[in-house]
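**Q**
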Amino acid sequence: MPALLDTYGPPVVILLATAVAWLYIRRARRRHLPRPVEQRDASAVRGSMAGSVVRWLVVAVVLAGATGAGLYRLLGRPALPSAASFTTAELLDLLKIGLAVVGGLGAVVALAVAYRRQQVSEAAHLIATWQEDRDDTKFLNERYGKAAEQLGHDSFAVRLAGVYAMGALADDWAEQRQTCVDVLCGYLRTPYPEGDSTEREVRQAILTTLLDRSSRSEWRGVDMDFRGAVLEDLDLSDRTFYGDFSFDFAEFRGKLTDFGEVRFRGVTTFRAATFAATHTSFWGASANLSKLDFSSATFAGDLVDFSRSRLTRGSALRLEGAVSEGCVFRYDDVDHATVAEFAEALRREDAGDPRAPGAGPV
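Under numbering that gives the first Met the number 0, think of the first position of the sequence shown as 0, with each following residue one higher.
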């Protein structure tokens with residue numbers, strides 16, 4: 000047993016000392032590294048530089064002592080000579096060894112200082128980044144508050160500026176883009192001020208602002224919810240509806256509601272919507288791999304024009320429960336080669352009513 004200790008004891012001691020030093024260094028680094036932003040505390044990187052140096056020196060001394068003791072046992076515990084037996088050359092060699100040890104300790108101190116500086120630099124960088132993020136968020140919140148305030152202003156020009164300001168903010172603030180869109184959509188659901196000829200332009204600007212952005216890849220997945228909107232003389236002609244849009248329970252009124260030559264590229268619903276404009280136009284509208292849902296919609300104007308409309312293969316049109324209140328429907332030049340079911344879907348069982356859907360020319 001003593002022989003095994005003499006043989007394997009020194010390597011084991013050195014290995015254990017190295018492991019202890021490594022664990023200590025890891026623990027010290029973990030303790031001094033800044034925590035995540037939401038848990039960050041400035042005290043995480045505070046502390047005495049001298050204390051850090053002393054800890055590293057202790058680790059170095061323990062490791063050096065363990066290594067020396069291991070070598071001493073490995074060499075068979077040789078008897079140490081007396082001081083008088085050393086020659087001048089041997090004393091010089093011992094002096095060189097001592098200076099090397101001191102130099103090693105100095106190197107340890109330099110490494111400790113450099114390591115500490117690196118920790119402080121990393122912490123300062125993270126804190127600066129966190130502060131910059133906070134400043135950006137504060138600035139964006141200020142922009143949001145100002146744009147929302149503009150939307151509620153009495154002046155038409157200020158409200159219109161608020162629409163564009165909120166749209167620009169939605170571009171810049173991806174994390175709260177849906178919130179900005181919800182504010183604009185919510186504006187459309189507010190009561191329509193009677194006698195205000197400028198309100199139409201504000202609401203038109205909201206829809207065109209959102210539609211113009213719907214084609215952008217970073218805007219995919221944003222919910223465009225116009226349910227319950229009140230829209231007068233709406234003109235969305237020659238635009239593309241990318242993604243899903245809901246006009247459920249919306250009210251379209253005025254002289255003209257124009258969806259002429261609109262290109263639908265997703266799911267657009269008009270369930271229970273009221274088309275009360277004198278003339279409602281879907282002239283030349285097209286749907287490509289899309290779904291149009293007019294279920295339970297009410298057509299209450301004079302003319303609804305679906306002429307030259309196109310439903311490409313894979314698109315669907317729903318009109319279950321749709322009601323006509325005296326409208327004339329037009330289906331001139333509907334492309335039967337691709338949408339043979341289009342006109343038929345618009346017909347009602349009471350085809351004897353000369354003003355019911357389907358009564359116009361097909």
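Beta carbons are placed, not taken as given, at the ideal position from N, Cα and C, and that holds for glycine.
With which residues is H152 paired in a DSSP beta bridge?
**A** DSSP, once it has assigned bridges, lists no residue as partnering H152.
**Q** Using CA coordinates, which residue listed in G151, V261, A173, V182 is at the minimum distance from E198?
**A** G151
**Q** Pull the bridge partners of A315 from the DSSP assignment, please.
**A** K290
**Q** Thinking C-beta only, is M223 closer than 7 Å to L233?
**A** Against a cut-off of 7 Å, the Cβ pair of M223 and L233 comes out as no contact.
**Q** Any heavy atom of the ligand ATP closer than 6 Å to the CB of G161?
**A** In the structure on display, the ligand ATP does not appear, and there are no ligands present to speak of.
**Q** Taking only the alpha-carbon atoms, compute the straight-line gap between G166 and V180 and give it to the nearest angstrom.
**A** 8 Å
**Q** Among L235, T136, V182, which has the Cα closest to the Cα of T207?
**A** T207 has its Cα closest to that of L235, out of L235, T136, V182.
**Q** For D331, which option in E231, R309, E174 has the closest C-alpha, if you only look at C-alpha atoms?
**A** Checked all of E231, R309, E174; the closest Cα to D331 is R309.
**Q** Please classify S285: does DSSP put it in a helix, a strand, or coil?
**A** strand
**Q** Determine the closest residue to E324 out of V333, L316, L187, V303, with distance taken between C-alpha atoms.
**A** V303
**Q** What residues match up with M223 in a beta bridge as DSSP calls it?
**A** Paired residue(s): F244.
**Q** Within the continuous alpha helix (DSSP H) that includes D181, where are the two ends?
**A** Looking at the DSSP string, the run of the alpha helix (DSSP H) that includes D181 is 176 to 187.
**Q** Mapping the DSSP letters down to three states, classify F138 as helix, strand or coil.
**A** helix
**Q** What are the start and end residues of the alpha helix (DSSP H) that includes D211?
**A** Here the alpha helix (DSSP H) through D211 covers 198 to 213.
**Q** Taking the straight line between their C-alpha atoms, what separation do you get for E174 and G144?
**A** 16 Å
**Q** Taking the beta strand (DSSP E) that D304 belongs to, which residues open and close that run?
**A** 302 to 304
**Q** Which residues in the same chain have their Cβ closer than 6 Å to the Cβ of F248, if we skip the five residues on either side of it in sequence?
**A** R226, G227, A271, listed in sequence order.
**Q** Can the beta-carbon of G242 be found less than 7 Å from the beta-carbon of S213?
**A** yes
**Q** From which residue to which residue does the beta strand (DSSP E) around V266 run?
**A** 266 to 268
**Q** Inspect the beta-carbon positions of F281 and F305 and report whether they are closer than 7 Å.
**A** yes
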